[in-house]
Amino acid sequence: MRKLDKYTGVIPAFYACYDRKGKICTDAVRRLVDYYIDRGVNGLYVNGSSGECIYLTVEERKKIIETVVDQADGRLTIINHVACNNTADSMELAHHAEELGVDAIASIPPIYFHLPEDAIADYWNDISSAAPHTDFVIYNIPQLAGVALSRKLYLKMLENPRVIGVKNSSMAAYDIQVFKTCGGGEHVVFNGPDEQFISGRIIGADAGIGGTYGAMPELFIAMNDCLATGSLPLAGEIQNVVNGIIEDLCAGQGNMYAMIKEVLRVKEGIDLGSVRRPLAPLTEADRELAQKTAAKIEEAVARYGL
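For what it's worth, our numbering labels the leading residue of the sequence shown as 353, then goes sequentially.
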């Protein structure tokens with residue numbers, strides 16, 4: 353296998369798993385890993401936005417990735433997001449991830465203060481230096497981080513031999529094309545926005561990492577298979593269905609990840625708890641919507657024979 357061949361296909365963003373007291377539940381982490389393996393995904397992106405990373409402690413994030421790696425046992429590509437809002441904690445998580453043997457670490461830029469690009473590059477290179485034998489993925493999500501990855505900064509980061517790609521979660525599909533054409537060497541561009549899985553892949557993304565994949569992995573795998581066989585009309589049809597489901601997941605008063613966890617509880621019997629405050633938990637009306645959304649996913653899976 354070439355170095356980058358493992359970064360392909362459908363890679364769900366892993367959800368934070370809590371018990372009834374809001375503490376990390378390692379049993380739920382293990383059940384969720386097994387669920388993804390059973391569904392046939394290519395890998396997992398752990399401790400990112402979907403993992404509520406900015407609301408977790410360093411020790412909680414260590415416990416999650418330790419449990420994921422142990423349960424996956426080499427059966428999935430594992431990318432661990434290690435960014436904290438200070439360099440020291442980020443480097444500690446990067447070193448810990450390398451000791452566990454993850455395939456790659458990833459990082460958003462520092463948030464809140466708007467730093468110049470040289471300072472952002474220093475931050476990422478410092479993190480990478482703490483895991484000198486591990487691939488590094490840049491995470492571009494300007495709508496939340498408050499800073500956008502530029503072509504100039506990406507080219508600068510590609511000078512670091514451990515940087516193998518970018519997870520692009522900006523909504524402009526054009527950004528994927530920009531990053532894909534940067535540099536002369538091999539590097540991976542991951543499509544971030546789930547609503548443009550098809551368009552992002554067609555314009556150049558090598559794989560997808562997404563926060564709603566976990567609610568309906570069969571549908572994203574089906575789209576990925578359609579791309580491989582050139583069945584673009586069917587891929588577009590499934591994307592339209594998926595986008596309607598994503599709208600439902602975002603339609604409640606509670607946070608989208610709380611809705612997804614409820615969908616998984618209803619549909620798969622997997623209890624991941626709620627979300628961590630200040631993220632909003634579900635209302636009773638949201639629970640009714642989650643049941644309808646779970647039924648819609650099951651109907652789509654059956655319709656396409658998945």
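Just so you know, even glycine gets a beta-carbon here, dropped at the ideal spot from N, CA and C.
Cβ shell of residue i (< 7 Å), same chain only, five flanking positions each side left out
{"i": "Met443", "result": "Asp478, Ile479 and Ala482"}
{"i": "Gly556", "result": "Ile528, Gln529, Lys532 and Val541"}
{"i": "His539", "result": "Leu510, Ile516 and Gly517"}
{"i": "Pro633", "result": "Gly606, Ala610, Ser626 and Val627"}
{"i": "Arg413", "result": "Asn399, Cys405 and Leu445"}
{"i": "Glu650", "result": "Lys619"}
{"i": "Gln591", "result": "Phe549, Ile550 and Met575"}
Contact set for residue i: own chain, Cβ-Cβ below 6 Å, skip 5 residues either direction
{"i": "Gln423", "result": "Arg382 and Val385"}
{"i": "Thr698", "result": "Here the chain covers residues 353 to 658 and nothing more, so residue 698 does not appear."}
{"i": "Leu641", "result": "Gly604"}
{"i": "Thr378", "result": "Thr419"}
{"i": "Cys578", "result": "Leu586 and Ala587"}
{"i": "Ala525", "result": "Gln548, Ser551, Gly552 and Ile555"}
{"i": "Leu658", "result": "Glu570 and Ala574"}
{"i": "Tyr397", "result": "Ile363, Ala365, Ile431 and Ile561"}
{"i": "Ala380", "result": "Cys369 and Leu624"}
{"i": "Ala435", "result": "Ser442, Ser459 and Ile460"}
{"i": "Tyr359", "result": "Val540 and Ala559"}
Cβ-Cβ separation, residue j to residue i (assumed contact under 8 Å), whole Å
{"i": "Ser401", "j": "Gly563", "result": "6 Å"}
{"i": "Cys534", "j": "Arg503", "result": "6 Å"}
{"i": "Gly392", "j": "Ile573", "result": "6 Å"}
{"i": "Ile472", "j": "Val454", "result": "23 Å between Cβ atoms; not a contact."}
{"i": "His433", "j": "Tyr491", "result": "7 Å"}
Rounded straight-line distance, which links the Cα of residue j to that of residue i
{"i": "Tyr609", "j": "Leu507", "result": "33 Å"}
{"i": "Val653", "j": "Arg617", "result": "17 Å"}
{"i": "Lys644", "j": "Thr409", "result": "34 Å"}
{"i": "Pro569", "j": "Ile363", "result": "9 Å"}
{"i": "Gly690", "j": "Asp638", "result": "The structure shown has nothing for residue 690, since the chain only spans 353 to 658."}
{"i": "His466", "j": "Met523", "result": "21 Å"}
{"i": "Ile431", "j": "Glu636", "result": "35 Å"}
{"i": "Gly361", "j": "Cys369", "result": "24 Å"}
{"i": "Leu571", "j": "Ile622", "result": "19 Å"}
{"i": "Cys405", "j": "Leu445", "result": "12 Å"}
{"i": "Tyr656", "j": "Ser583", "result": "13 Å"}
{"i": "Asp357", "j": "Thr429", "result": "10 Å"}
{"i": "Asn310", "j": "Gly403", "result": "The requested residue 310 does not occur in the structure, where the chain is confined to residues 353 to 658."}
{"i": "Lys613", "j": "Asp470", "result": "39 Å"}
{"i": "Lys415", "j": "Val421", "result": "10 Å"}
{"i": "Ile417", "j": "Glu411", "result": "10 Å"}
{"i": "Leu631", "j": "Asp441", "result": "23 Å"}
{"i": "Asp546", "j": "Asp558", "result": "14 Å"}
{"i": "Ser493", "j": "Leu501", "result": "Rather than Ser, the amino acid found at residue 493 in this sequence is Ile. Looking at the two C-alpha atoms, the distance is approximately 8 Å."}
{"i": "Tyr367", "j": "Pro468", "result": "31 Å"}
{"i": "Lys373", "j": "Gly537", "result": "48 Å"}
{"i": "Leu505", "j": "Asp390", "result": "38 Å"}
{"i": "Val593", "j": "Tyr565", "result": "13 Å"}
{"i": "Arg629", "j": "Asp371", "result": "14 Å"}
{"i": "Leu452", "j": "Gly426", "result": "11 Å"}
{"i": "Lys355", "j": "Ala497", "result": "29 Å"}
Beta-carbon proximity list for residue i, same chain, < 8 Å, skipping 5 on both sides
{"i": "Asn512", "result": "Trp476, Asn477, Ser480 and Phe488"}
{"i": "Lys648", "result": "Gly596, Ile597 and Asp600"}
{"i": "Glu620", "result": "Tyr387"}
{"i": "Met353", "result": "Bear in mind that a pLDDT of 48 at Met353, under 50, signals an unreliable position, so the model cannot answer this."}
{"i": "Val615", "result": "Ala567, Leu601, Ala642, Thr645, Ala646 and Ile649"}
{"i": "Pro484", "result": "Glu450 and Arg514"}
{"i": "Asn437", "result": "Ile406, Pro462, Ile463 and Tyr464"}
Residue i, buried or exposed, once every other Cβ within 10 Å from all chains shown has been counted against 16
{"i": "Lys375", "result": "exposed"}
{"i": "Tyr663", "result": "Outside the displayed range of the chain (353 to 658) lies residue 663, so it cannot be described from this structure."}
{"i": "Ala365", "result": "buried"}
{"i": "Gln495", "result": "exposed"}
{"i": "Asp474", "result": "exposed"}
{"i": "Gly544", "result": "buried"}
{"i": "Ala580", "result": "exposed"}
Residue i Cβ short of 7 Å to the ligand FAD heavy atom set
{"i": "Ala603", "result": "As for the ligand FAD, it is missing from this structure, which has no ligand bound."}
Cβ of residue i within 8 Å of any chain C Cβ
{"i": "Cys369", "result": "In the displayed structure, chain C is absent; only one protein chain is listed."}
Validate contact between the stretch 598-606 and the stretch 582-590 using beta carbons, cut 8 Å, 3 pairs: The stretch 598-606, when compared against the stretch 582-590, does not touch it at the 8 Å Cβ threshold.
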